[in-house]
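What follows is a single structure, written as structure tokens, with notes after it.
Residue numbers (the numbering used here): 20 to 492.
What follows is the structure, given as structure tokens:
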């Protein structure tokens, strides 16, 4: 071993790499002394390897080479996506547990059992479980969750340390399982004096769609349908696709949420022409939403600023019942004032369309500020119906952001952008704002439309060295 890898041990934790990526890197290790095997699978991208320390050190070198290669490709803009960079940590052990290298040790244990008069079969099973067999912790946890009701399951970690809580956290996310840390005397004492039940993980099944059997046929019910009365399929505002009214009217007439693209409403005359055509195409009682570009100051000022062509059209009875703020998220105070202003203009729904995790968190903060979730009646008092909802369409892995906000996942058909590595779909989130009253001064026919719409209604803990996720190719 070189001085750089003098701390290598017979077991190496690899976090941030899939089984396939590990197998590819292991195949690149030159002249290994023995097998490099996956000893423990803690999750889909968290594994523990066993082997000779020299071979694991060589594996670390290969991981570093792959990281540098992919970093160079991305720096040169040859490829995109995340750069492969797992966290590598050697375990404080002296033997490669759960490895074929320990086969002789199993036989030795069986021989000792025979000499002592113990059951050889049982001894072999126990020794193999500790020394030889691969441990798929993720599969075992999944099997446990499938054998019972997760929402009634409690997992208590008595230590030592908090290894169990860390290993099981990602595997039970969204199941409703409760995890209790009781590794120290202080934690156990606190549990013995608790007045209420410990907090459980959030159960995402409460957000799952339900099927309603009605005389008109089966309908899908979600929080989105409860709020809007429309199926959970959205026609999002896209320039130039939804600038012209034909496709917007077609989606709205079919009963879906449909947004007219504000990016193409570049003058008052263009907007007036499109709105007039839209009103001719829409059936009685149908409404559409307006998708606005917040960062385009010219368009924003034209549509909602000093010119205010959208609120003026709404006041005259145009069936626009929502505004979706895209291309930027206003700061909290500005957003609160914007929601209040749109409420005063009689627009029923206010939405925001974030494009980054930071913006998602901004939108959650806005939703909380506009209708505090610790007071469910506040939303009804302020908006006449219910607090805003935050709709999520994207990867389940990102739904941890649901904590602290009422959120739901409409089954919206969305265009997805695929990165070179991992094909990770771009996350589209939008909060569907508060339900507001129609404008008092709307035309009689248009007010009737809105009133009709209202009624629709593995157990090894590492120590550290690191290297910095796309697969090695």
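For each residue, glycine too, the CB sits at the ideal point set by N, CA and C.
Note that the structure is predicted; figures quoted are calculated from it, not measured.
- In this structure, the alpha-carbon of residue 64 lies about 34 angstroms from that of residue 140.
- When 41, 333 and 114 are compared, the shortest CA-CA separation from residue 80 is found for 41.
- Secondary structure of residue 317 (DSSP, three-state): helix.
- Across the set 276, 213 and 158, the C-alpha of 276 shows the shortest separation from the C-alpha of residue 244.
- Excluding sequence positions up to five before and after residue 35, its CB lies within less than 7 angstroms of the CB of 64, 104, 105, 106 and 488, all in the same chain and listed in chain order.
- For residue 156, the enclosing alpha helix (DSSP H) starts and ends at 156-165.
- Burial check for residue 317: the Cβ neighbour count within 10 Å stays below 16, so the residue is exposed.
- Annotation note: the region 196-244 contains the following uninterrupted beta strand (DSSP E) runs of length 3 or greater, listed N- to C-terminal: 197-200, 229-233 and 236-240.
- In this model, residue 179 and residue 133 are separated by some 33 angstroms (Cα to Cα).
- One thing to note: residue 256 has its Cβ within 8 angstroms of the Cβ of residue 310.
- Per DSSP, residue 308 lies in no alpha helix (DSSP H) segment; the continuous beta strand (DSSP E) that holds it begins and ends at 307-312.
- Judged by DSSP secondary structure, residue 341 falls within the beta strand (DSSP E) whose first and last residues are 339-345.
- Secondary structure of residue 265 (DSSP, three-state): helix.
- Counting along the chain, the unbroken beta strand (DSSP E) around residue 277 starts and ends at 276-280.
- Residue 231 counts as exposed, since fewer than 16 other beta carbons sit within 10 angstroms of its beta carbon.
- Taking 8 angstroms as the upper bound for CB-CB distance, residue 328 and residue 308 are not in contact here, some 16 angstroms apart.
- In this structure, 172 is the residue among 377, 151 and 172 with its C-alpha nearest to the C-alpha of residue 161.
- Between the beta-carbon of residue 62 and that of residue 190 there is about 6 angstroms, and that keeps the pair under the 8 angstroms contact cut.
- For residue 83, the enclosing alpha helix (DSSP H) has its first and last residue at 72-94.
- Burial is judged here by how many other beta carbons sit within 10 angstroms of a residue's own beta carbon; residue 333 has at least 16 and is buried.
- Under the DSSP assignment, residue 42 falls in the alpha helix (DSSP H) whose first and last residues are 38-46.
- With a contact defined as Cβ atoms closer than 8 angstroms, residue 78 and residue 55 qualify at about 6 angstroms.
- Contact check for residue 283 and residue 259: beta-carbon distance about 6 angstroms, within the 8 angstroms limit, so the pair qualifies.
- Ranking 170, 114, 356 and 169 by CA distance to the CA of residue 150 puts 114 first.
- Looking at 43, 50, 53 and 75, the one whose alpha-carbon comes closest to that of residue 28 is 75.
- Beta-bridge partners assigned by DSSP to residue 194: 222.
- Straight-line measurement puts the Cα of residue 167 at about 43 angstroms from the Cα of residue 367.
- When only Cα atoms are considered, residue 297 and residue 268 end up about 6 angstroms apart.
- When DSSP states are grouped into helix, strand and coil, residue 176 belongs to the strand group.
- When 60, 117 and 89 are compared, the shortest CA-CA separation from residue 70 is found for 117.
- Spanning the alpha carbons of residue 144 and residue 119 requires a straight line of approximately 15 angstroms.
- Under the DSSP assignment, residue 55 falls outside any alpha helix (DSSP H); it carries neither an H nor an E label.
- Assignment of residue 371 by DSSP, reduced to helix, strand and coil, places it in the strand class.
- Counting the other Cβ atoms within 10 Å of the Cβ of residue 264 gives 16 or more, which makes it buried.
- For residue 112, there is no enclosing beta strand (DSSP E), as DSSP marks it with neither H nor E.
- Partner residues in the beta bridge of residue 69, as assigned by DSSP, are 30 and 56.
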